[in-house]
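The next block holds one structure in the form of structure tokens; read it before the comments.
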Ligand SMILES: Nc1ncnc2c1ncn2[C@@H]1O[C@H](COP(=O)(O)OP(=O)(O)OP(=O)(O)O)[C@@H](O)[C@H]1O
Ligand SMILES: Nc1ncnc2c1ncn2[C@@H]1O[C@H](COP(=O)(O)OP(=O)(O)OP(=O)(O)O)[C@@H](O)[C@H]1O
Ligand SMILES: [Mg+2]
Ligand SMILES: [Mg+2]
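Chains as they are written, first to last, in this note's numbering: chain S, 1 to 319; chain D, 1001 to 1319; chain Z, 2001 to 2306; chain V, 3001 to 3493.
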């Protein structure tokens, strides 16, 4: 009985170890800087985290499959440019959003077809499409920033990026929250989600159990693309313009968020809520380093060390 | 009998499919541009390929293990900066080279310890150290280029990067050739090489067969680091100075070279000679795009498409 | 001039950067008008790629090479190759620290940083806290613009640079930096961004924080930022004239090929654009890009970029 | 009587939530074969892993040649003279036979260069002496499971150690290889080696072992001389109760023909025709490499065929993939439970319902309650030993894993169920339970095709037996006429 209780306690701690890391972080950072623990600053963190978190939610589909998608940064750049170009032409907001999601879906579809139907390795496929999508963005924008004019469309589009609801809920944060709720439902409460985990856990067994492995893989990559498209639109709306190089190397932060959140790159494992926690853990690191005005050279070092420490702690408590 | 011969023929084609892709490339490119098939240009290609090829040889150790090392680009930057700083201080050439190799080894050791002894996932470890090593470079150089003076040491060091032997054999090409010979021997003719393939093929089985899996993993990452250090020195010598951002995203080209050369990212497979072929395939693509004056935006697209096509062909002929 | 059949090589450090893509476009257009061929290569900010590109460029034997190095120190080897091949080299924007250069068309990043800082000093007689949003760590433009900025700021006791953070040339990252800076330092009076992209991000952040009192200074004079200056959301930006540099470079190439003398160094303007001169300057820029005559070849400013 | 070389005393080992070993003793003598027996999950493999340094014991002592040992990795045990053939195959799929056999102990010249030729020759010699028809440079992934098992045995023999542990070596073998293996074991005994032999095929124990140590639920039950034991005694020691009638075959009148296969041909099988009726068990016998698995996978849509027809309930079907086959009412239960049977990191519940999403979902939404109830129902009905349906299948014993796969198959409710080696690696008690489940399936009117390499099982449970050899059908025998000899005759005809 005695030992059972401890075991349960241990199991609880283990299940929520990322949350514990996050709490530890909050406590330490509050001690480091008095400015950290303010509503304003925490709101900042959430706003800043939103784009990476949406990307991480998307890439978690690819990672749970046992694959990866490193082209999402380029998809962000491409869809952002398209969104800006449409807004400039005064296309209605709904159309703009649907268009970016559709383009994201097509990008994911391209990845998915090569990965699922041609059996190519996800890393190399998305490495190639990373290059293709970025090139497409450069060609499309001719290397120039697409700025959004002050028209009616621009205003409504920008609301997506910086608008508030109830005075405190920023749109990117709201969108992020909605994304995570939907993704949580899809991954945990639907048979599609269950099948995704099965394919990631043992592809052969999933196939022999009668699952349509290829379709599942394709779908996961399409979802990943759609979320990258959404992230592109939100980012473009937040910044108010689209740079041809926008989103470069964002994939790395998204992957880091998943892994810090306990998702295994070997596939079959990972909880979306913890991915959000992972993204916030990383976002808070960036935030405190900014607040403390650590030189950007040292920031690069510290960020790497902290990610390493987080996965190390994650692993330790996992055992 | 009849069918056996065809089978042998097929097997031969299959075994050397990358070479066939390379030959096809040479023929097509010669038809596209009369300037392509000249001794001068092919020498250029080899010189240009050398750094990526050395990196690819190194990262092949990590990939055959079933892992990855995406920190090598940062190691190139760091060791290059150290090399330049030492040359500026007129340190003898041998010491400079040994120092860069040693630093590369330490970088690999750090990766290896986390991967082998803390059982962290290679992708996330090297993603973190990518950041750490780049930051270290920025701190070390204070963000500024380290230029090499005109001293005796600088001259001898620069010989590494642009010197010739027998009038036509450029040093980087010679170094690349030596690296591949040594790596070929290590991977194919030593028990260490066999063990590396075994660990990549089935880690549990390798462990139960009595192999010291951790040590093998560590060694592979150290070798990868050493070769990245060598690449950093050669690059610094070739360019004549060290930029703090040197080597950024080089890991992707190196990984692409391995995969185009038929190395599986799932581990346990890969032939070093074909990695060289893969590096040359990619190098020739870059070269012909430059020669044909394709806009760099389109180059980005074309490069992605061609890598995809190469792995697709590779896979088709593999089946 | 009688028309010549020239092939010009153009090597840019990074044409995904708007400054250089503008330079490239103007160069190509001017060359086309003059009936020249252009081979244009870009190095993606990788000094090793400069060497590679030079090798590939020399294979095609251009008549003149216009070179915008990734790094001045690293440029020597690439220039030496061209020298060996007997092809004249003109550098733009960034100089090469060794090798034979026929002409350098300079624009001075350090000076640009200085006038940006000076503007802030002039605007805020009482001094105060200042933010610097840097370009990508280690990039030469970052180093030079930062150097100029600190040349002024560090000597001035009234000002304190409370935040020096990188925005990686990206509006989105700059926005995050600015948000954090505003939270951490409510008394910020001014911000200097190493490019205008990042200034856009800073503007967004200030607007969202309802801080329209902050003096925002950018660099590059992008069209959007000129609009922002007109609208009063941005205070100033530093204008370099990339289009003009491109056109000047084509002209210089023509002269070199024709065997005419050219100045060893040609300076193109670096100037501050504020609400006072934004309208006038906008027209000047337009003229510069549309009329070939409006070049500044006579100016013999010999400020060296590095 | 041989000297005791290895003495384990009071060995304990606990996993999170499971006490796998609770004070186990074992004595192994030179020149003798010690059987280690027990139900699935009794702790046999765990004990051997504690011995060979894969796991560290929590308590107890292990003495080898009078010296206390405490290995921390596999290599130390090998170097000391203890080798083990693990229950799971431990080969590198993409490497060659000789490379696997010499893995970790490559022959080298003085320069450190590996000597491929010598390793090749020694491997060829070894395989020949074992009566295995394999080329040393074949890749492991191209071999059948049985051939791989023989390679595994060769690898252990190469070490030439004092003690050899064999954890269910015959699990994947057919009779002819078993004969070869027993020759090898007899030879080892003659050479004064000590052998620990783990198997669920009890007839083998009486044929090859000298003594038997029996475990139950991680506890030591006893050690007996095999010559002093009867079959029933042995079972009651293992199971803790009497177990009568190992093959509970019930005569039943078969219904109408459900599956009818005519002239099926592809790369693996040639011109196969047969049919199966409702409520009937069709046994499929054959040597290793007979193509039984391939036939099953062809019917299941994994392999394609271009000649021949498959009819189900009189309707012609042509399954293109497993999901297609399942839709048509055919389910295949794999022989490789870890390789392609289970998603090991998923729990019992998730595995059981994997092929029957439609039963637990409405428009894509999973009904958690239904999901759990179905699983709990199967766990109870099939007596799957697991703390809860939320246990990861990775942590179940082999027999219980097998039952989970069978539960998955049953939940998909097929018309035709193909069982490939359904009792591989399963203890006597569990075997009987699976036979009872097969009876249950027959009663439900399912057509069952049972592929098995265990002759007694084929003879004991089939209504009819189809014999395959090298992809061809060699004949069919009814239950009444079938004997082991007749089957072998047909194979060799
Ligand atoms: N790594 C592990 N983690 C948790 N539990 C384990 C682990 N390995 C084994 N067990 C548990 O320990 C017990 C003994 O398992 P073991 O594999 O030794 O049984 P066994 O006698 O070899 O059975 P079988 O005949 O099925 O092979 C089982 O209950 C099993 O579930
Ligand atoms: N992946 C593969 N590549 C090449 N040959 C294979 C492969 N898998 C099996 N084979 C060959 O196919 C033949 C039939 O295989 P298999 O042993 O699975 O048949 P089986 O009758 O089901 O035998 P069992 O189930 O008893 O192992 C064998 O000769 C085997 O070597
Ligand atoms: Mg066992
Ligand atoms: Mg079989």
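Even for Gly, the Cβ is constructed at its ideal location relative to N, Cα and C.
Proximal chain D residues relative to residue i, where beta-carbon distance stays under 8 angstroms
i	result
residue 3074 of chain V	1207, 1208, 1209 and 1210
residue 2076 of chain Z	1240 and 1241
residue 333 of chain S	Residue 333 of chain S is absent from the model: chain S starts at 1 and stops at 319.
Closer than 7 angstroms to chain S by CB, residue i
i	result
residue 2166 of chain Z	yes
residue 3343 of chain V	yes
residue 3386 of chain V	no
residue 2045 of chain Z	no
Beta-carbon neighbours of residue i, restricted to chain D and to distances below 9 angstroms
i	result
residue 17 of chain S	Those within 9 angstroms of residue 17 of chain S in chain D number zero; the least Cβ separation is about 15 angstroms.
residue 3090 of chain V	1202, 1204, 1205, 1206, 1207, 1208 and 1209
Partners in chain S for residue i, counting only beta-carbon separations shorter than 9 angstroms
i	result
residue 3053 of chain V	Correct list: empty, because the minimum Cβ distance to chain S is about 19 angstroms.
As assigned by DSSP and simplified to three states, the class of residue i
i	result
residue 3184 of chain V	helix
residue 3 of chain S	For residue 3 of chain S, the pLDDT reaches just 41, beneath the cut-off of 50, and the residue's location in the model is therefore unreliable, leaving the point undetermined.
residue 3023 of chain V	strand
residue 2037 of chain Z	strand
residue 3143 of chain V	coil
Closer than 7 angstroms to chain Z by CB, residue i
i	result
residue 1033 of chain D	no
residue 111 of chain S	no
residue 1 of chain S	Low local confidence applies: a pLDDT of 35 at residue 1 of chain S is under 50, so the model's placement there is unreliable, with the coordinate-based value given in what follows. Answer no: the Cβ-Cβ gap between residue 1 of chain S and chain Z never drops below 7 angstroms.
residue 1156 of chain D	no
residue 1256 of chain D	no
Nonlocal neighbours in the same chain, by C-beta distance under 6 angstroms from residue i, ignoring five residues either side
i	result
residue 3367 of chain V	3360
residue 2220 of chain Z	2019, 2195 and 2196
residue 3341 of chain V	3334 and 3405
Spatial neighbours of residue i in its chain, beta-carbon cut-off 7 angstroms, leaving aside the 5 residues before and after
i	result
residue 115 of chain S	67, 122, 125, 217 and 221
residue 3435 of chain V	3247, 3248 and 3461
residue 136 of chain S	78
residue 214 of chain S	116 and 117
residue 302 of chain S	289 and 294
residue 3255 of chain V	3277, 3278, 3279 and 3445
residue 3386 of chain V	3348, 3379, 3396 and 3400
Beta-carbon spacing of residue i, residue j below 7 angstroms
i	j	result
residue 148 of chain S	residue 240 of chain S	yes
residue 1096 of chain D	residue 1105 of chain D	no
residue 75 of chain S	residue 118 of chain S	no
residue 65 of chain S	residue 200 of chain S	yes
residue 3085 of chain V	residue 3153 of chain V	yes
residue 3078 of chain V	residue 3008 of chain V	no
Residue i at chain D interface by Cβ criterion, 7 angstroms
i	result
residue 134 of chain S	yes
residue 3145 of chain V	no
Proximal chain Z residues relative to residue i, where beta-carbon distance stays under 9 angstroms
i	result
residue 1041 of chain D	2055, 2056 and 2059
Any chain V beta carbon closer than 7 angstroms to residue i
i	result
residue 1245 of chain D	no
residue 275 of chain S	no
residue 1314 of chain D	no
Closer than 8 angstroms at the beta carbon, the chain S residues around residue i
i	result
residue 1119 of chain D	315
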